[in-house]
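Let me begin by presenting the structure, written as structure tokens, before commenting on it.
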Amino acid sequence: IAPHLNIGNGEPWRYLGQNSNTSQDKGYIRQVFPRVHEPFFLSITPQPSLPQQQQKALHRFPGITSMRSNIAFAAALAHIAAAAPAPQQFDLAAVLNAPSPTNTAPPTTAVATSSSTSVNSASLAQSISAAINTEASASVTGASASAASTEQPSSALEKRGGWGGWGETTKKVTSSAKSTTSSVAKPVTSSTPSTTSVQTTGTATTSSSTSCPTTPEDGTYCGFINPEDPCAVQPDGYGPKVSPDTVEAFKSYSEFHQQAQNAETPSGYEQVFQDLDASVSGNSYITFYTLESYDVAGCAAYCDNTDLCTAFNIYIERDPSLNPTKGDNESTYCPNPSSITNYKCSLWGSDIDEESATNTGDNREDFQTVVVGSNGYDKTNNTTPPDQDGWDKPEKCDNGAISGGGNYWMGSHFYPGPYNPFNCAHYAQAQTEKNKEGARSKGAKSYTPVNMFNSYMVHRNGKAQGTYCQIFDTHLSPEWAGFKGTHSGRDRFDVKNSWTYSLKNLDDGKFH
């Protein structure tokens, strides 16, 4: 019977034979697969040659009236599956409905000030705490939850006796995930004019002005008229002026492509795309700089010296020499000015790849902005995320997000923007405090603590979306991870850069 009755990943049910005393069938049993929460399909094939006793045994499953009835058989198993650990749900709506960050790519217009990318931790923590307004619990709490910290996923199932207490158990699976940290460059100072644009959704930032390389005239920005004024002169790019001054000539300018193709990959980084006609865009955008040359090493140094940065994109952009405007007089009518060439360096708080390079430029009045010579460099896989106060060092989950800890799962939250486990740490702490507050108000002697969180980056169709946080009431090893993503219609959602953090001193949930 085993080869003919299969469920899930082709794993067989096993005929248990007959009771020696009563000659009655013992039934069928199936090996529990490691991730009981995963969707499964049924495939039941009638076999006329099966012994009569085996045919009878199959029909004794409640609801089975025909060997061809997959649906009925699934219903018959529903009560068995209910006894398995309940999986937490990936909140797709939270990802889809989250507001986009203010900026998802460097602006094509000049900006008059520069902003730093330092995270205002106090402000961010306060906003996260304010958003936690309900208590959260888990199916398994207290001592039972604490015991899970020493279990592997399969042994946890084994203690529950498989499906409904009568299924066979699986062997433990172990892994030896390794992670390395990349070296951080020394602080970098630049004498070149730079413009930055900092995304603010999900990450609070502080602003600071950047001094000009020379003393500017009164009423000007670094010696220029405000670049946002109609037909205002734009900060001149350091790249060559292409002749003829057309989009086609700029795209085919051989020097640009040679610079991209001959660039050396910085130590600690992996080159993920080369010489594209598009730059990266996405929610994990941090900031950008203009450079004096196609300086890959300089761009890498900016990333190494910037919080949350794990990837960068360097490219060449055709920009207008004047702010394109269709005004009503000669001084404000310049819809298609001559071009300048800018070398740009954008920083990203997630991994990037060719699929995330979707920004090919835009039109500003009659002027067309284009991108060429775009190279991407990534160190995400070589970078351990920063430590969080009060939490042990992070553990990497090579197989995706934690997926088998349903009974210990307490909730989740999604934060658009760069990958930032700081958000998850404060979400976890805020939830514990909320649970304490609720327990005290009820006169309870205990509460449900958050002892671990899993933070990972969600990508939608190759583009980074933000940090997804899951919280648990006990420590679970990375071997509980198995959720790699999902589909919704034509959209693909991937899990990347998944890590767990556990409290240094696990909370027993008791008021002392």
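Those letters in the sequence shown? Residues 1 to 512, by full-length UniProt numbering.
Don't be surprised by glycine CBs; every beta carbon is placed ideally from N, CA and C.
Report whether the distance from the Cβ of residue i to the nearest heavy atom of the ligand FMN is below 8 Å.
i	result
Glu292	Looking at this structure, you won't find the ligand FMN or any other ligand, since it has none at all.
How would you call residue i, buried or exposed, if buried means at least 16 neighbouring beta carbons within 10 angstroms?
i	result
His487	exposed
Asn363	exposed
Gln261	exposed
Lys463	buried
Leu96	exposed
Gly489	exposed
Arg318	buried
His512	exposed
Ser356	buried
Ser498	buried
Asn461	exposed
Glu479	buried
Gln234	buried
Asn264	It should be noted that the sequence gives Glu, not Asn, for residue 264. Exposed, by the Cβ-count rule.
Ser254	exposed
Pro244	exposed
Ile402	buried
Asn435	buried
Glu437	exposed
Pro99	exposed
residue 599	In the structure displayed, the chain extends from 1 to 512; residue 599 sits before or after that span and is not available.
Gln429	buried
Thr134	exposed
Asp328	exposed
His331	What sits at residue 331 in the sequence shown is Ser, not His. By the 10 Å Cβ count, Ser331 comes out exposed.
Ala93	exposed
Per DSSP, residue i forms a beta bridge with which residues?
i	result
Ser291	Per the sequence shown, residue 291 should be read as Leu rather than Ser. BP columns for Leu291 point to Tyr343.
Ala300	Paired residue(s): none; Ala300 is not in a bridge.
Lys396	Trp499
Ala481	Ile402
Cys334	Thr325
His413	Cys469
Glu317	Asn342, Val371
His512	Answer by DSSP bridge pairing: none, since His512 is not bridged.
Gly268	Answer is none; Gly268 lacks a bridge partner.
Leu276	Ser374
Arg490	DSSP lists no partner for Arg490.
Tyr285	Trp348
His459	Ala464, Asp494
Arg440	DSSP, once it has assigned bridges, lists no residue as partnering Arg440.
Val450	In the DSSP output, where bridge partners are listed per residue, Val450 has none listed.
Val233	Leu322
Ala311	Trp348, Asp378
Ala357	Val280
Asn363	Gln368
Grab me the residues of residue i's own chain with a C-beta within less than 6 Å of its C-beta, minus the 5 sequence neighbours each way, in chain order.
i	result
Tyr294	Gln259, Tyr343
Asp494	His459, Gly485
Lys379	Ser182, Gly268, Tyr269, Thr310
Arg492	Asn461
Pro394	Pro385, Trp499, Tyr501
Ala136	Met410, Gly411, Gln431
Leu506	Asn451
Below 8 Å on the Cβ atoms is my contact criterion, and I expect residue i with residue j to pass it. Report the Cβ-Cβ distance as a whole number of Å.
i	j	result
Tyr419	Leu308	7 Å
Tyr289	Gln388	28 Å between Cβ atoms; not a contact.
Asn451	Leu503	5 Å
Ala301	Tyr377	That belief does not hold up - the Cβ atoms of Ala301 and Tyr377 are roughly 12 Å apart, past 8 Å.
Val242	Glu354	At roughly 25 Å, the Cβ-Cβ gap does not stay under 8 Å, so Val242 and Glu354 are not in contact.
Gln470	Asn454	4 Å
Tyr456	Lys396	Wrong, their Cβ atoms sit about 10 Å apart, outside the cutoff.
Lys445	Lys510	7 Å
Spatial neighbours of residue i within its chain, please: C-beta separation below 7 Å, excluding the five flanking residues on both sides.
i	result
Lys326	Tyr333, Pro335, Glu365
Leu322	Cys231, Ala232, Val233, Gln234, Cys334, Pro337
Leu347	Ile286, Thr287, Phe288, Tyr302, Cys303, Thr306, Cys309, Phe312
Ala278	Ala357, Thr358, Asn359, Thr360, Val371, Ser374
Gly466	Ala98, Gly202, Asn283, Phe414, Tyr415, Pro416, Gly417, Val458
Pro106	Ser197, Phe288, Lys344, Ser346
Ala439	Ser446, Tyr447
Pro266	Val296, Ala297, Ala300, Tyr377
Ile128	Asn423, His426, Tyr427, Ala430
Looking only at its chain, what residues have a beta carbon closer than 8 Å to the beta carbon of residue i, apart from the 5 residues adjacent to it on each side?
i	result
Tyr369	Reading off the sequence shown, one finds Thr at residue 369, where the question assumed Tyr. Correct list, in chain order: Thr108, Glu317, Arg318, Asp319, Pro320, Gly361, Asp362, Asn363.
Phe367	Pro320, Pro324, Pro335, Asn336, Pro337, Ser339
Asp392	Tyr501, Ser502, Leu503, Lys504
Asp229	Asn323
residue 566	Because the chain in this structure spans residues 1 to 512, residue 566 falls outside the shown range and cannot be described.
Let me see if you follow: with CB-CB separation under 9 Å, is residue i close to chain C or not?
i	result
Ala263	In the structure shown, chain C cannot be found, because there is only a single protein chain.
For the stretch 280 to 287 against the stretch 243 to 252, do three or more pairs of beta-carbon atoms, one drawn from each stretch, fall closer than 8 Å, so that the two count as touching?
Counting C-beta pairs with one atom in each stretch, the stretch 280 to 287 and the stretch 243 to 252 have fewer than three that are closer than 8 Å, which means they do not touch.
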